[in-house]
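Let me begin by presenting the structure, written as structure tokens, before commenting on it.
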Amino acid sequence: MRSDAAPTGMVVRICGAAGDGNIAAGQVLNRAVTRMGFRVMNFDSYPAEIRGFGKSVAHTRFEVERVWTPGDGCDCLVALDDAHSISETARLRDGAIVIYDDRPPDWHEEDRSVAGFVVPGMHGYGVPLRDLSTLATKGTKARNLVAMGALAGLVRLPADPFREAIRGQFGSKSEEIREGNVRAFDLGWRHATERLKKRDRFDFGLAAPVVERVGKAEILSGNEAAARGCLDAGLLMYAGYPITPATKILEVLAKKLPKAGGVVVQTEDEISAIAHAVGAGWAGTRAATATSGPGLSLMVEMLNLAVMAEVPVVVIDSQRGGPSTGLPTRTEQSDFRLAAHGASGDSPRPVLAPADVAECHALTFKAFEVADAFQTPVLVLLDFFLSNRIEDVSGLAEAAARFGTYAEKRATAGEGGYRRYALTDDGVSPRAVPGTEGLFHPATGLEHDERGFPSYDGPNHVRMSDKRHRKMAALAARWPEPEAVGAEGPLDLGVVSWGSTIGAATEAMRALAARGLAVAGVFPRLIWPVQERPLRALSERSRVLAVVEMNHGGQYADEVERVVGRRVLRVARIGADPIGAAEIAEALVGARKEPGDSTAETAETAETAERNGTGGGQEHGT
Amino acid sequence: MRSDAAPTGMVVRICGAAGDGNIAAGQVLNRAVTRMGFRVMNFDSYPAEIRGFGKSVAHTRFEVERVWTPGDGCDCLVALDDAHSISETARLRDGAIVIYDDRPPDWHEEDRSVAGFVVPGMHGYGVPLRDLSTLATKGTKARNLVAMGALAGLVRLPADPFREAIRGQFGSKSEEIREGNVRAFDLGWRHATERLKKRDRFDFGLAAPVVERVGKAEILSGNEAAARGCLDAGLLMYAGYPITPATKILEVLAKKLPKAGGVVVQTEDEISAIAHAVGAGWAGTRAATATSGPGLSLMVEMLNLAVMAEVPVVVIDSQRGGPSTGLPTRTEQSDFRLAAHGASGDSPRPVLAPADVAECHALTFKAFEVADAFQTPVLVLLDFFLSNRIEDVSGLAEAAARFGTYAEKRATAGEGGYRRYALTDDGVSPRAVPGTEGLFHPATGLEHDERGFPSYDGPNHVRMSDKRHRKMAALAARWPEPEAVGAEGPLDLGVVSWGSTIGAATEAMRALAARGLAVAGVFPRLIWPVQERPLRALSERSRVLAVVEMNHGGQYADEVERVVGRRVLRVARIGADPIGAAEIAEALVGARKEPGDSTAETAETAETAERNGTGGGQEHGT
Amino acid sequence: MGLEEGQVLDSEVGLEVDEVVGSGILDYRSEALPTWCPGCGYYGITMGITRALNALAIENRNLVVVTGIGCAGRYPFFVRGYGFHCVHGRALPVACGIKMARPELTVVAIGGDGDGLAIGGGHLPHVARRNVDVTYVLFDNAIYGLTKGQASPTTPEGQVTATTPYGTPDAPLNPTLLALAHGASFVARGWAGDFRGGEDLMRRALAHKGFSFLHFVSPCVTFDKVNLTWDRVRADWHAMPEHHDPHDLAGAMALAIDPVRYHGVFREEPRPVWGA
Amino acid sequence: MGLEEGQVLDSEVGLEVDEVVGSGILDYRSEALPTWCPGCGYYGITMGITRALNALAIENRNLVVVTGIGCAGRYPFFVRGYGFHCVHGRALPVACGIKMARPELTVVAIGGDGDGLAIGGGHLPHVARRNVDVTYVLFDNAIYGLTKGQASPTTPEGQVTATTPYGTPDAPLNPTLLALAHGASFVARGWAGDFRGGEDLMRRALAHKGFSFLHFVSPCVTFDKVNLTWDRVRADWHAMPEHHDPHDLAGAMALAIDPVRYHGVFREEPRPVWGA
Ligand SMILES: Cc1ncc(C[n+]2csc(CCOP(=O)(O)OP(=O)(O)O)c2C)c(N)n1
Ligand SMILES: Cc1ncc(C[n+]2csc(CCOP(=O)(O)OP(=O)(O)O)c2C)c(N)n1
Ligand code: SF4
Ligand code: SF4
Ligand SMILES: [Mg+2]
Ligand SMILES: [Mg+2]
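Each protein sequence line maps, in turn, to chains A, B, C and D.
No gaps in the numbering here: position 185 of the first sequence is 187 in this note's numbering, and each next residue is one more.
No gaps in the numbering here: position 474 of the second sequence is 476 in this note's numbering, and each next residue is one more.
No gaps in the numbering here: position 100 of the third sequence is 105 in this note's numbering, and each next residue is one more.
No gaps in the numbering here: position 64 of the fourth sequence is 69 in this note's numbering, and each next residue is one more.
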């Protein structure tokens, strides 16, 4: 309930079936509000089956301030298909708007229109979507843009940015289609402003907010941003195999990398993909692949070779529901263990996890630096939610320009006696790549001596294993420690989270702070190896320490518990949708109010619930 | 130093190059002392390269009491090749025997015979090995058996069991060879008893010890015992791909399984091997595969399918030095993380780890039961040491007869509406296999509803994930908890160990107890999921809690730390040889004597050393 | 030789209702409706397979269908019998494990061109040379359907797809030739439009002792608008020359690389069957 | 046609010392001595490869040798240049990644019959159809050498090995035929005893633009006493018929399945090269 505040933004859901054009309408909305200067987050849901039966929803949240999550609830439902939209009304917040076709399709079973579900406290507006579309374009296809017009007119957002957005969106179409769509928008706009009796509280007054930005704002998905991070980092070889939700990275790079002078190969499987990337990385170029859990499973052996032979390579894993083929189109953060521990032998390697779309760009870029500087494979963990959500981002080029802080140790010349795996303080040895005169050497997955030749000697194995672990220690020492955000001093609640869940955890923390709790959080981006100090420091001043993540029972929580030496509250849940801020806040506040008021006990309770398999976290069993 | 006790056994090392017959001599020794009633452990080391240049050592320890390790040090060095044997003298204990050819090979550089390294405190005996061999067989090949004769005569072990052992060992050879070898033994024996002046203290008085045994004693390697466990459990389908140190399991089963009515297939790779096994397991027969780390890496995706589709299958992983191709012929316990955590998504599955050869049989057998009862893949972790070491074992058949305590839930009939994945209290659903009338259903790696059809619904995903985890909780509740062995009450030291290291940890504990320390240990065989209670209980009464294992820095120690909520002392080292009892005892006692005497500090020190990459454990950096 | 009038059928919808209901083929349908796009060639292949199962009166309880992942991979959910929808590319080794363990079962493995020839391509040669008695049906639409239109191992050189915006750079594989080169003892090619022909091939494949490989070409109406369209597939296909002797491997391979795309049985050669 | 007198050489030890030292081929030897068994055919193959590198004056700094695991896989340790000893079966995709990233390098991939045709068998078709400009040399001893004598994909049916005590039940694959069926643009067969012939094939393979596949048959003297013995290998091999046209794929495949085992170039066909 936010009924007494002037609107600073809203959550809009455009619901329809395949062919209704709701996804396109959402994209127009994204572009338009971004042009106005709003911050945007968009996260659509598609039907699971290829043939596209079933519901799809374009979900856009825009706000004056930076947006961390797609938002709980919904302020405006645009119903392009009555049947699918009915269940959507459950999400509507008090005071929400519903825009629907005032002439419900006559084939409707029992004549059930979404209008019948607009209960008191909501505001329904019937708009002749089909009729106005036909008027504008001689067809009903443009009713999605009629609806956008109606929405814009109703909440008084300026029309020009929409018109531009439509022209941009349909730039490759004929002028007739393009202008027909603009006309459809205009008819909707006029209908709303001239015919509808406004009863809701959403009035943006036709004014665009003024937001400070670095650089040009762009609308990007996490996958697009990751691909851009690769390009900005100077990627020259990308090898990939299609898999949801990572395919888009391959598709974007297939288009863009050749133009940047690099090569892309779609391989026969994921083993071959990472093998190609390892080959290219070993040969001295920046190389990468991207996949999802099932594909990462297949890459385990090659990743391990890259650790042993000290080959820089970047592997992006966009996580989805698991285990096994799991839920390909649902989000989850359950590949942490595989990423950090999925290797035979002692095989340390860094894992990075971006929190938002901009970080998909930045951390992918940084991954190449870390890979080169520490001569190691680097994993970047996205997930379905992060890969597919769309945000307005700006300053990517500026950010990229600031990178490059980790130097490489390249061996440039030498006469015999070259020791490719020379033992050094930080474990990093000067590296020569093929083509260099006189620095010939073998690389191998066998344990080897400093020159790279196989050695089965015990003490050598210890020295080399120590060297590989020392590199990780050096990285953990050089990577900036995550700073605690939130309250200072003793805390009611300390919150740890990672990856795409950081956004919701941040919003939840703010909500709790607003309710008077002393809350602070530590949100590592280098999630493996663990930088232990900040976690311990947070733990020491927290009455309850919670770890928030999207998996069964808390994969990262296991690490945190070990590091801080106490039981933590596990707010861990799986399911179809990303975990929301309200849900997290509720779980946290529930824990805080726990009777007995003992940290250990609280944690134990959550822990026990989890162990009994009633679902991670406390109130999150379903 | 054990100079004042009558001998209860000894450690014998027979050293030579390829072709010297030292491995065969060791096998004769094993057989002979087993016949006498001694307990035996044998662990040979071979040269790393195929072509067999370089040193190989047959290592046998025999004792009146049960033997837990190959023993630290050496009581008798039999040198069949001087050059290779010289470095072996470093291992000799005070009072040890060295048997060597009294006519050193004339080609020796600088005429260096091993005899020159027999320092005061040791007893060197020159025996005309070549000459007596030539006398017995007209060739020098039988000098290995001359040496065995000399050894037996010298320490006064009865000759008949040796003669029988020789005849058994060379049973497939011609009578001439067989009896020539017996003659060679006899000449050695007579030389020792008639010509050598005995100075050492090893005198078994020609008497055989009497040991109580259940059933017939057999000499088996860990791999042979595991294969036998498969056969005893009713394995019907084995699919494998060769890899050191697991190949022998495939080779033994290739011979024996067809005779037991099962099938063996050597597949094109490990993915196919586990896929065949998963297919067979799903079809309702007992199925297995065995591999090592690199192969297990390739099996990750299929293992995960077996978790999701709830398919019983047994996977044996004989660990070797890692990461990557690593050290194929060196032992290590560094696949724990891969075994327990190597899966995309939340994918719980049990991991068992036998401690000795007899348990290789028992736990492999149990693995099939657990797989069937809980409808899950089960991992069994051996390692190079356990796979290749030879022990005398008895009562396998009797042990096998005691198994069968976990019942299967089979769906036997039904009319429509069959729910293959019905939600139950313990997570286990009645299972139907192909061929059953009316219980048709699909199995899939996708998340699914109770009937097995794909479902992308959030709450269903939670229910099914809970179900899968509930099965593990049920297993942890039903598997007997490991009992603490050793002292009762408050402890100076609590010791946790797993797998092949349990033996050395046990001997180390005994040594420390003999020195007056209050020590007890908990040694889980079900290493994943963790049965937390016994670990917590041990921790609560231990001033210092140590976790002993063979990997870099402590993989299992991570889990223990999390469970007990405190830092543990990590006695973790890698290297070429199995970790020994003396080495462990030293590390433990060192920790106990730590100044400051604070548990936390002690542990912290070890921990910090490890983090800094100076090698796991305290004095075990090299 | 062209196709006869009325022989072509885009999907089972084209069958007379009486024919469907009366035939008993519905006994091989699960309660779940296929989720393929309307017009997808897979309906036609399915009709051929289903009719063959029905014609041979395979008992449902002994029928096992094993697949990898893909649109084709969905098959186990649509069949009345036991189904195993495995992971991508592993239909064949899982199917072989089932057959080796339970020889009395009828085991059919199904996969798409990506599933069977890309990620799973390493298994085919070995199953073929082992001559395990399973039937493998390759649903070849020359595209990755389920992941929405990327190039597959059979996508023609130059074709623009989601992952090859400048045209596929690689030459396509020839599945029929591969199976022959691997030593498969039964190799045949059919197509989605001819379910009666498909039924015939499937009957022969199921009856064959040892490994049988069936290559079915099928339009993906959603993600391939240029290559395997219904019209082009129909026009491209020709009956096997009468004189071809299915014991003649060299002849079969020569036919398999002929630009004219024949359909029918390329090879049928008795060989020792694995485990028999 | 039989072999000429003096053309057969079991290992380089048979070369005149002057010829070795004066030739410059030692420039392609690393400081490490090969660890193969005395009498192993791999010495002979190595001599052919080394002489070809020398003859073409490939610069050491631009030479990259990539292998999987096996006795053959040890190759990178013995060569003066850059070497990558990868994991089992992945020589080809790693080699392709290197070549794609650094086209100026000469990339030679080497693998055993297990490495290349069993665990790595899924990659070959795709490298061949892509026509990536790497040279692949298959060291085919019809056995798993490094793991001590198990059956490989080319072990003949019936042979007793460590894993097939009752005789290998599977039919062997024909590597030459496979490469042809996959569309490799250069395919040749040689053997360990003829290092001059090996040099010639290797020179042509290295000079070929696009993927070249070299199948070398080689005795494993330690673990195969019955099949590829030196005597049998020598007796089995015949020169390629003069009339064979290396552009004729059908002809090449027919020759490849001929019971007479020919050696020489089966196929040499210009095709667009990947990335060029
Ligand atoms: C290990 C793994 N890699 C990738 C995928 C994603 N994936 C699912 S189906 C498919 C390809 C489908 O193409 P095809 O096999 O031709 O079948 P079709 O959909 O065309 O019937 C891919 C790449 C996956 N599920 N698992
Ligand atoms: C993933 C994996 N599986 C199995 C092995 C064990 N292994 C090493 S070499 C080899 C086969 C060697 O045979 P081949 O490729 O024919 O080479 P050769 O030794 O005969 O030259 C095997 C099975 C391994 N190293 N990695
Ligand atoms: S995407 Fe293509 S292959 Fe898949 S169901 Fe649709 S038409 Fe058929
Ligand atoms: S084992 Fe065989 S292949 Fe390996 S080096 Fe020895 S002879 Fe050669
Ligand atoms: Mg396809
Ligand atoms: Mg071989």
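All C-beta atoms in this analysis are idealised placements derived from N, C-alpha and C, irrespective of residue type, glycine included.
Model, not experiment: these values are computed from the prediction.
Would residue i and residue j qualify as a contact pair, given that the criterion is a beta-carbon distance under 9 Å?
| i | j | result |
| --- | --- | --- |
| G86 (chain D) | L68 (chain D) | yes |
| G344 (chain A) | V382 (chain B) | no |
| R165 (chain B) | D202 (chain B) | no |
| I273 (chain A) | A149 (chain A) | no |
| R569 (chain B) | E585 (chain B) | no |
| I262 (chain C) | G447 (chain B) | no |
Return the chain-ordered list of same chain residues with a C-beta closer than 7 Å to the C-beta of residue i, the five sequence neighbours on each side being excluded.
| i | result |
| --- | --- |
| A277 (chain A) | M304 |
| C362 (chain A) | G224, A227, A228, G231, P356, L384 and L388 |
| G429 (chain B) | K469, R470, R472, K473 and A476 |
| A57 (chain D) | E204, M207, R208 and L211 |
| V1 (chain A) | Nothing can be reported for residue 1 (chain A), as the shown portion of chain A is limited to 3 through 624. |
| T142 (chain A) | R132, S135 and T136 |
| D15 (chain D) | Unreliable placement is indicated for D15 (chain D), whose pLDDT of 45 sits below 50; no coordinate value is reported for it. |
| E64 (chain D) | none |
Starting from the C-beta of residue i, find all residues in its chain whose C-beta is less than 6 Å away, skip the five residues before and the five after it, and write them out in chain order.
| i | result |
| --- | --- |
| A117 (chain B) | Y102 and G126 |
| A186 (chain C) | none |
| T610 (chain B) | Since pLDDT at T610 (chain B) reaches only 34, below the 50 mark, its modelled position is unreliable, and no value is offered. |
| V157 (chain B) | F204 and F206 |
| P130 (chain B) | D104 |
| G236 (chain B) | R288 |
| T195 (chain A) | G155 |
| H252 (chain C) | E274 |
In terms of DSSP beta bridges, what is residue i paired with?
| i | result |
| --- | --- |
| Y240 (chain A) | A:V266 and A:A290 |
| T333 (chain A) | Paired residues: none, contrary to the question. |
| F218 (chain D) | D:Y141 and D:V192 |
Along chain C, which residues have their Cβ under 7 Å away from the Cβ of residue i?
| i | result |
| --- | --- |
| A256 (chain A) | T168, T169 and P170 |
Residue i versus chain D: which residues are under 9 Å apart at the beta carbon?
| i | result |
| --- | --- |
| D271 (chain B) | H93, G94, A123, I124, G125, G126 and G127 |
For residue i, which residues of its own chain have a beta-carbon under 8 Å away from its beta-carbon, when the five flanking residues on both sides are left out?
| i | result |
| --- | --- |
| A96 (chain C) | V71, T72, G73, G78, A114, I115, G116, D120, G121, G125 and Y141 |
| V265 (chain C) | H243 |
So which residues of chain B does residue i contact, with C-beta pairs closer than 9 Å?
| i | result |
| --- | --- |
| M310 (chain A) | G324, P325, S326, T327 and G328 |
- Write down every uninterrupted run of the beta strand (DSSP E) in the region 88-150 of chain C whose length is 3 residues or greater and which is fully enclosed by it, in chain order. List check, beta strand (DSSP E) in window: 111-117 and 140-145.
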